[in-house]
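This report refers to the structure that appears directly beneath it.
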Amino acid sequence: MNVGIVCYASVGGSGIVATELAKVLARRGHEVRLISSEPPVRLGDFQAGLAFHAVQTPGYPLFREPQYLLSLASKIVEVARAYRLDIIHAHYAIPHATAAYLARQILAAGGDGQVPRVITTLHGTDVTLIGSDPSYLETAAFSIDHSDGVTAVSESLRDDTYRHLPVAARINVIPNFLDCQYHRRLGDESLRARYRRGDPHAKLVIHVSNFRPVKRADAVIEIFRRIRERLPARLLLVGDGPDLAPACRRAGELGLAGDVEALGEQELVVPLLSIADVCLLPSAQESFGVAALEAMACEVPVVASRVGGLPEVIADGDSGFLHDPDDLTGMAESAVRLLTDPVLHRRLAAGACRRVHQHFCAEEIVPRYEAFYEAVLARTARPAA
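The C-terminal position of the sequence shown is numbered 387 in the working numbering, with every residue numbered one higher than the one before it.
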């Protein structure tokens, strides 16, 4: 099967999962064309069956801003014609599903013998933030309803889509996944010692995100403050975004600057997760929570908010702990329990890894995408233009 995958290149769950899907599909014998503004962060080295196509968006004085939607649609048309794509898989409704719809109309109008089907995967903020904004709502709903197939990464997101957008499309839930052969705990005691900074008793707490307001970096610092009052610990902040600098300033105001280390964006997070004892994820909203899944695969229990799709990922009391978003005291207490009770920590670390392997490995999830592709291709009717 010839598949074109459209995604964002920047760090974030949708781009990571789309790129991993492209790589696994190629390994399974499909021809995959990854389309984005630049090579995605997890693309990696050459792989047979996988090629990247960059979208070039020229700037013209007539336009007040670059017209990425139009250049993306043109690139999809170009790639679909050159490589006879069967499927265009758009990750994110705005602008990717919209560009895919436009590309399909161009191909059909041009008399192309093979017009690919469009599948849209919803990841979260394309529905709950961007898609529900009045400026984009009708376009987002139209693009979803005029896809040949639609998936969402969690039941929570599927329900949110129907709640926030006037869509009638059937939405199938296919969760995010990991390459479980790669996502596993590594034994690097020298790296662990480096971030303990000479204190063999210090515990390592980690937070991985894009540091947008929804991730609540200020809550991460407050939870860590409460942990630090009870035991020696250090906090690793992995990622970058608008709220990273304010979080670091707040840590300094609380006298924690020496115990908080900002590591910026990291393409490879497994080595850092592998030295962590607990992962904090006190988000205001998570449609799935790829950061939680990656931590769990590396045997790191997650203390998180009970919001969105996180309860579908984390089994409370078995692979981590879930709390109401405002219950920072409870989150801190759960983290302290994990960091001071080795038996509890070992049980939840094993439970976290086991849950990933039972439900979220590529070998389990990617065949569901393949089956969905086949089902969509088998249909004869298309949505009205």
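Note that the Cβ used here is the ideal one computed from N, Cα and C, for glycine as well.
Query, Result
"Where are the beta strand (DSSP E) runs, 3 residues long or more, that stay fully inside the region 181–241, in chain order?", "205–210, 235–240"
"Take Pro273 and list the residues in its own chain whose beta-carbon comes closer than 7 Å to its own, dropping the five residues that flank it on each side.", "Leu188, Asp190, Leu193"
"Please name the residue, chosen from Leu256, Ile18, Val305, that lies closest to Arg230 on a Cα-to-Cα basis.", "Leu256"
"I need the DSSP call for Val262, collapsed to helix, strand or coil.", "strand"
"With the cut-off set at 8 Å, would you say Leu233 and Val358 are in Cβ contact?", "no"
"What separation, rounded to the nearest whole angstrom, lies between the Cα atoms of His325 and Ala334?", "10 Å"
"Which same chain residues end up closer than 7 Å to Ser16 when comparing Cβ atoms and leaving out the 5 residues on each side of it in sequence?", "Cys9, Tyr10, His93, Tyr94, His125"
"Quick one: using the 10 Å Cβ neighbour count with 16 as the cut-off for buried, is Arg251 buried or exposed?", "exposed"
"In this structure, does DSSP put Asp47 in helix, strand or coil?", "coil"
"Between the region 150–157 and the region 281–298, can you find at least three pairs of beta-carbon atoms closer than 8 Å?", "yes"
"By the three-class DSSP mapping on this structure, what secondary structure does Phe179 have?", "coil"
"Could you tell me the alpha carbon to alpha carbon distance between Pro210 and Pro177, rounded to whole angstroms?", "With the sequence shown as reference, residue 210 is identified as Val, and Pro is not the correct amino acid for it. Each residue's Cα considered, the two are about 20 Å apart."
"Assuming Gly322 contacts Leu341 under a Cβ cut-off of 8 Å, what Cβ separation, rounded to an integer in Å, is found between them?", "That belief does not hold up - the Cβ atoms of Gly322 and Leu341 are roughly 13 Å apart, past 8 Å."
"Please state whether the Cβ-Cβ distance between Val43 and Ile7 is less than 8 Å.", "no"
"Could you spell out where the beta strand (DSSP E) holding Gly151 opens and where it closes?", "151–154"
"So, Tyr103 versus Val79, is the Cβ gap smaller than 8 Å?", "no"
"Under three-state DSSP, which class holds Glu33?", "strand"
"Identify whether Arg119 lies in helix, strand or coil by the three-state DSSP scheme.", "strand"
"Can you say whether Phe48 is buried or exposed, counting buried as having 16 or more other CB atoms within 10 angstroms of its CB?", "exposed"
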